[in-house]
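One structure below.
Numbering (our numbering), first residue to last: 30 to 149.
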(Lines of atoms letter the chains of each structure in order from A and count residues from 1; the text may use other names and numbers.)
(Lines give C-alpha, C1' and ligand atoms only; values in the text may rest on other atoms or scores of the structure.)
Protein backbone atom coordinates (compact mmCIF):
# COMPACT_ATOMS: atom_id res chain seq x y z
CA UNK A 1 0.00 0.00 0.00
CA UNK A 2 1.20 3.49 -0.78
CA UNK A 3 0.90 5.38 2.49
CA UNK A 4 1.45 8.82 0.95
CA UNK A 5 -1.46 8.29 -1.44
CA UNK A 6 -3.75 7.01 1.33
CA UNK A 7 -3.01 9.94 3.64
CA UNK A 8 -3.43 12.59 0.94
CA UNK A 9 -6.64 11.11 -0.45
CA UNK A 10 -8.14 10.65 3.03
CA UNK A 11 -7.33 14.21 4.08
CA UNK A 12 -8.84 15.50 0.85
CA UNK A 13 -11.94 13.42 1.53
CA UNK A 14 -12.28 15.05 4.96
CA UNK A 15 -11.79 18.53 3.46
CA UNK A 16 -14.36 17.91 0.73
CA UNK A 17 -16.68 16.44 3.37
CA UNK A 18 -16.68 19.78 5.15
CA UNK A 19 -17.09 21.60 1.82
CA UNK A 20 -20.09 19.40 1.02
CA UNK A 21 -21.50 20.03 4.49
CA UNK A 22 -21.10 23.76 3.91
CA UNK A 23 -23.07 23.53 0.68
CA UNK A 24 -25.76 21.40 2.32
CA UNK A 25 -26.17 23.73 5.30
CA UNK A 26 -26.37 26.84 3.12
CA UNK A 27 -30.13 26.48 2.66
CA UNK A 28 -32.95 27.70 4.89
CA UNK A 29 -33.42 24.34 6.64
CA UNK A 30 -31.18 23.24 9.49
CA UNK A 31 -29.04 20.12 9.03
CA UNK A 32 -29.20 17.53 11.81
CA UNK A 33 -26.00 16.43 13.52
CA UNK A 34 -26.38 12.87 12.22
CA UNK A 35 -26.78 14.10 8.65
CA UNK A 36 -23.74 16.36 9.01
CA UNK A 37 -21.65 13.42 10.24
CA UNK A 38 -23.03 11.26 7.41
CA UNK A 39 -22.06 13.87 4.80
CA UNK A 40 -18.53 14.33 6.15
CA UNK A 41 -17.85 10.62 6.63
CA UNK A 42 -19.32 9.77 3.22
CA UNK A 43 -16.87 12.06 1.44
CA UNK A 44 -14.06 10.84 3.69
CA UNK A 45 -14.91 7.28 2.64
CA UNK A 46 -14.50 8.29 -1.01
CA UNK A 47 -11.01 9.59 -0.16
CA UNK A 48 -10.05 6.41 1.72
CA UNK A 49 -11.37 4.24 -1.12
CA UNK A 50 -9.38 6.20 -3.69
CA UNK A 51 -6.30 5.99 -1.47
CA UNK A 52 -6.40 2.21 -1.05
CA UNK A 53 -7.84 1.23 -4.43
CA UNK A 54 -5.64 -0.70 -6.82
CA UNK A 55 -8.10 -1.03 -9.69
CA UNK A 56 -6.18 -0.57 -12.93
CA UNK A 57 -7.86 2.16 -14.98
CA UNK A 58 -6.77 3.70 -18.25
CA UNK A 59 -6.68 7.17 -16.71
CA UNK A 60 -6.68 8.61 -13.19
CA UNK A 61 -9.79 10.71 -13.91
CA UNK A 62 -11.85 7.62 -14.72
CA UNK A 63 -10.74 6.07 -11.42
CA UNK A 64 -11.89 9.12 -9.44
CA UNK A 65 -15.23 9.33 -11.23
CA UNK A 66 -16.00 5.63 -10.75
CA UNK A 67 -14.99 5.59 -7.09
CA UNK A 68 -17.09 8.71 -6.47
CA UNK A 69 -20.05 7.06 -8.19
CA UNK A 70 -19.76 3.76 -6.33
CA UNK A 71 -19.39 5.34 -2.89
CA UNK A 72 -22.16 7.90 -3.48
CA UNK A 73 -24.83 5.32 -4.33
CA UNK A 74 -25.66 4.31 -0.71
CA UNK A 75 -26.04 7.93 0.50
CA UNK A 76 -28.09 8.73 -2.61
CA UNK A 77 -30.55 5.95 -1.83
CA UNK A 78 -30.59 7.09 1.79
CA UNK A 79 -31.35 10.65 0.70
CA UNK A 80 -34.56 9.62 -1.03
CA UNK A 81 -35.93 8.04 2.15
CA UNK A 82 -36.18 11.40 3.92
CA UNK A 83 -39.16 13.75 3.92
CA UNK A 84 -40.10 15.36 0.61
CA UNK A 85 -39.03 18.98 0.23
CA UNK A 86 -40.97 21.06 -2.32
CA UNK A 87 -37.83 22.99 -3.30
CA UNK A 88 -35.63 19.89 -3.65
CA UNK A 89 -37.53 16.68 -4.43
CA UNK A 90 -36.25 13.11 -4.01
CA UNK A 91 -35.11 12.76 -7.62
CA UNK A 92 -33.06 15.95 -7.44
CA UNK A 93 -31.55 14.82 -4.13
CA UNK A 94 -30.65 11.39 -5.56
CA UNK A 95 -29.05 12.77 -8.73
CA UNK A 96 -27.22 15.62 -7.01
CA UNK A 97 -25.75 13.27 -4.38
CA UNK A 98 -24.34 11.01 -7.09
CA UNK A 99 -23.10 13.84 -9.33
CA UNK A 100 -21.42 15.65 -6.45
CA UNK A 101 -19.83 12.39 -5.28
CA UNK A 102 -18.39 11.90 -8.76
CA UNK A 103 -17.09 15.48 -8.78
CA UNK A 104 -15.47 15.06 -5.36
CA UNK A 105 -13.98 11.72 -6.46
CA UNK A 106 -12.55 13.37 -9.57
CA UNK A 107 -11.10 16.26 -7.54
CA UNK A 108 -9.60 13.97 -4.90
CA UNK A 109 -7.96 11.86 -7.61
CA UNK A 110 -6.79 14.95 -9.52
CA UNK A 111 -5.10 16.50 -6.51
CA UNK A 112 -3.69 13.19 -5.28
CA UNK A 113 -2.38 11.88 -8.62
CA UNK A 114 -1.45 15.04 -10.49
CA UNK A 115 -0.63 17.69 -7.90
CA UNK A 116 1.01 15.44 -5.30
CA UNK A 117 2.14 12.83 -7.84
CA UNK A 118 0.98 9.95 -5.61
CA UNK A 119 0.18 7.52 -8.40
CA UNK A 120 -2.04 4.46 -8.08
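All C-beta atoms in this analysis are idealised placements derived from N, C-alpha and C, irrespective of residue type, glycine included.
- Per DSSP, the continuous alpha helix (DSSP H) segment holding residue 103 begins and ends at 89-108.
- For residue 34, the number of other beta carbons within 10 angstroms of its own is at least 16, and it is reported as buried.
- As the crow flies, the alpha-carbon of residue 135 is around 30 angstroms from that of residue 115.
- Residue state for residue 117 is assigned as strand, using DSSP reduced to three classes.
- In summary, residue 113 is exposed, with fewer than 16 beta-carbon neighbours lying within 10 Å of its beta-carbon over all protein chains present.
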